[in-house]
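Below is one structure, written out as structure tokens, with a few remarks after it.
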Amino acid sequence: MLETLEATLFPIVADINTYLSSYILVFLLIAVGLWYSIKTRFVQVRCFGEGMKRVFGNLSLRGGKQESGMSSFQALATAIAAQVGTGNIVGASGAILTGGPGAIFWMWIIAFFGMATIYAEATLALKTRTIDKDGNIHGGPVYYITTAFKGAFGKFLAGFFAVAIILALGFMGCMVQSNSIGSTFQTAFGIPSWIVGIVLVIICAVIFLGGVQRLASVTEKVVPVMAAIFLAGGLIILIARIKYLPATFGMIFQYAFQPQAIIGGGFGAALKTAISQGAKRGLFSNEAGMGSTPHAHAQANVADPHDQGVVAMVGVFIDTFVVLTLNALVIISTLYTSGGVLESGYTGAVTETISKSNLAQTAFGSVFGASLGAKFVAVCLFFFAFSTVLSWNLFGKINVIYLFGKKSPKLCATIYTVIALVFIFLGTLVSNDLVWELSDMFNNLMVIPNAIALFALTSMVTGYAQKSSGK
57 MLETLEATLF
67 PIVADINTYL
77 SSYILVFLLI
87 AVGLWYSIKT
97 RFVQVRCFGE
107 GMKRVFGNLS
117 LRGGKQESGM
127 SSFQALATAI
137 AAQVGTGNIV
147 GASGAILTGG
157 PGAIFWMWII
167 AFFGMATIYA
177 EATLALKTRT
187 IDKDGNIHGG
197 PVYYITTAFK
207 GAFGKFLAGF
217 FAVAIILALG
227 FMGCMVQSNS
237 IGSTFQTAFG
247 IPSWIVGIVL
257 VIICAVIFLG
267 GVQRLASVTE
277 KVVPVMAAIF
287 LAGGLIILIA
297 RIKYLPATFG
307 MIFQYAFQPQ
317 AIIGGGFGAA
327 LKTAISQGAK
337 RGLFSNEAGM
347 GSTPHAHAQA
357 NVADPHDQGV
367 VAMVGVFIDT
377 FVVLTLNALV
387 IISTLYTSGG
397 VLESGYTGAV
407 TETISKSNLA
417 QTAFGSVFGA
427 SLGAKFVAVC
437 LFFFAFSTVL
447 SWNLFGKINV
457 IYLFGKKSPK
467 LCATIYTVIA
477 LVFIFLGTLV
487 SNDLVWELSD
497 MFNNLMVIPN
507 AIALFALTSM
517 VTGYAQKSSG
527 K
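Structural data, given as structure tokens:
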């Protein structure tokens, strides 16, 4: 029955995504990012140093228990946990296979402008958040959407966003993460996906039920460690392949503007594919403009919204320009350069053995050896995806409470958690392609109400940006 459902749904969802990602998504992401870059006088450049100082100046993996909310770094770690997930490994792999190495260039473009977008999102999340009688902080796009638009229209947009994010991240998105964990562990260690799913559900349940404080305590420790391990492994590969790095960067820039040379087809269609793949996977990776990470930044205990805004920019930088880029360089330098199995593109017999799910494992395995490479990527992906599941569950929970839990927030959160755990387990059982398409569709739909509110609240954001120390 599942196979029949997948066969029926997949082409429908894929067609919807093709339209959304190729037209609406690209336009909105670039338009919002460019708009805020201009309006804030490129805050991502002016205040980048300030953001780095705030993140790394007093870095600690033990932020301590907060009376409510999180420390600034805990909020960033929770946001990065959401950003650095399968989008950096499996998503980037899919973008490269479909759009060619040049898709990475368009991911960079999206991320650069996205740094200004996420500054606006984090600033607005802090400005419009509310604190209930029990001291719990509630913040995110639904709160700044209803600030931007009063009355029925604001409630409709906020409700639309809330439903989309619950489905996109709380349910479908977590299926993507658990699906990737299950498939890579099965490839690397021979452990059946369903067993991995059971273990994952148990661990997640313990953390989910511990609330925001337990989540913050876990992410502030897991995120820096997992990033360091992956970066160390990636740097070893790049050192081993150092003579191919000039060609690697050359391909990224060449195929950004001449993608037909590697993915085939006519110039116009190939370029649209490269750009849309870069935009779609860039969004799924750094989440700037999607409206997800503002939920984490809203929890930050900071005096000025601007302070967390510049911290949020660092999150996008780490996600795309460090982690995702390193993974892309490893893939291209090992598989697309001279002698690589994808030197002539993703065509022929190679399509039968390589997919976006095992591309990174194949790349790391070319230097580490097939077995060790598969195991290394599987372990890294486990921590990336696991931490993402933790953050996305929080984001979904905030919106479930907004929609249904005003009278009984604890009961509402418990019911949501149980349903979310079921979806996490199901993710280890169903088709990878359908899960990705469903998640992409709801991600795309989230952008629309979030972007509308961001445009409407421009003056509120620029007021903080103009007062910044980087001006």
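Okay, so the sequence shown: first residue is 57 according to our numbering, each after it adds one. Just so you know, even glycine gets a beta-carbon here, dropped at the ideal spot from N, CA and C.
* To do: Determine the direct distance from the alpha carbon of residue 198 to that of residue 495, and round the result to whole angstroms.
  => When rounded, the distance between both Cα atoms is 20 angstroms.
* Asked: Should residue 527 go down as buried or exposed, given a rule of 16 or more other Cβ atoms within 10 Å for buried?
  -> Reliability fails at residue 527, whose pLDDT of 44 lies under 50, so the model's placement of it is uncertain and no value is given.
* Would you kindly work out how many angstroms separate the C-alpha atoms of residue 235 and residue 170, rounded to a whole number? => Roughly 27 angstroms separates the two Cα atoms.
* Is it right to say residue 248 is buried, meaning 16 or more other beta carbons lie within 10 angstroms of its own, or is it exposed? -> Burial state of residue 248 is exposed, judged by a 10 Å Cβ sphere holding fewer than 16 other Cβ atoms.
* Are the C-beta of residue 131 and some C-beta of chain D separated by less than 7 angstroms? -> Here there is only one protein chain, and chain D is not present.
* What residue from 305, 326, 490 and 355 has the CA that sits closest to residue 314's CA? -> Of the candidates 305, 326, 490 and 355, the one whose C-alpha sits nearest the C-alpha of residue 314 is 326.
* Tell me whether residue 322 is buried or exposed, calling it buried when 16 or more other Cβ atoms sit within 10 Å of its Cβ. => Of the residues assessed, residue 322 falls on the exposed side of the cut-off, its CB having fewer than 16 other CB atoms within 10 angstroms.
* Asked: Between the C-alpha atoms of residue 368 and residue 519, what's the straight-line distance to the nearest angstrom?
  -> Their Cα atoms are separated by approximately 17 angstroms.
* To do: List the residues that DSSP assigns as beta-bridge partners of residue 186.
  => According to DSSP, residue 186 bridges with 194.
* Beta-carbon proximity of residue 383 to residue 167, cut-off 7 angstroms -> Not closer than 7 angstroms, so no.
* Counting pairs of Cβ atoms below 8 angstroms between the stretch 379–394 and the stretch 206–215, do you hit three or more? -> No, they do not touch.
* Alpha carbon of residue 393 to alpha carbon of residue 329, nearest angstrom -> For residue 393 and residue 329, the gap between their C-alpha atoms comes out near 21 angstroms.
* Rounded to whole angstroms, how far is the Cβ of residue 485 from the Cβ of residue 164, which I believe are closer than 8 angstroms? -> Rounded, the Cβ-Cβ distance is 35 angstroms, inconsistent with contact.
* **Environment of residue 375 [buried if 16+ CB atoms lie within 10 Å]** => So residue 375 ends up on the buried side.
* Can you name the start and end residues of the alpha helix (DSSP H) that residue 363 belongs to? -> Annotation: the continuous alpha helix (DSSP H) that includes residue 363 extends over 361–372.
* My guess is that residue 62 and residue 490 are in contact by the Cβ rule of under 8 angstroms, so how many angstroms apart are they, rounded? -> The C-beta distance from residue 62 to residue 490 rounds to 5 angstroms, short enough to meet the 8 angstroms contact threshold.
* Which residue comes first and which comes last in the alpha helix (DSSP H) that contains residue 214? -> Residues 207–221.
* Does DSSP classify residue 231 as helix, strand or coil? -> Helix at residue 231.
* Asked: Alpha carbon to alpha carbon, how far is residue 275 from residue 320?
  -> Cα-Cα distance, rounded: 42 angstroms.
* Proximal residues to residue 420 (C-beta, below 6 angstroms), its chain only, five neighbours per side dropped -> Same-chain partners within the cutoff: 429, 432 and 433.
* Asked: Quick one: Cα of residue 422 to Cα of residue 390, how far?
  -> Roughly 7 angstroms separates the two Cα atoms.
* residue 480 versus residue 493 - alpha carbon distance -> Computed Cα separation, rounded: 16 angstroms.
* Could you tell me whether the stretch 138–151 touches the stretch 356–367, where touching means 3 or more Cβ pairs closer than 8 angstroms? => When Cβ pairs closer than 8 angstroms are counted between the two stretches, the stretch 138–151 is seen not to touch the stretch 356–367, the count staying below three.
* Asked: In this structure, what does DSSP give as the bridge partners for residue 34?
  -> Absent from the model: residue 34. The displayed extent of the chain is 57 to 527, so no value can be given.
* Below 7 angstroms between beta carbons: does that hold for residue 214 and residue 195? -> Not in contact: residue 214 and residue 195 (Cβ atoms no closer than 7 angstroms).
* Asked: How long is the line joining the alpha carbons of residue 229 and residue 340, rounded to whole angstroms?
  -> Between residue 229 and residue 340, the C-alpha separation is close to 10 angstroms.
* Can you have a look at residue 112 and say buried or exposed, based on whether 16 or more other CB atoms are within 10 angstroms of its CB? => Looking at its Cβ environment, which holds fewer than 16 other Cβ atoms inside 10 Å, residue 112 is exposed.
* **Close-in-space but distant-in-sequence residues of the same chain around residue 257 (CB under 6 angstroms, 5 per side omitted)** => Within the same chain, 477, 480 and 481 come within 6 angstroms of residue 257 by CB-CB distance, once the 5 residues on both sides are set aside.
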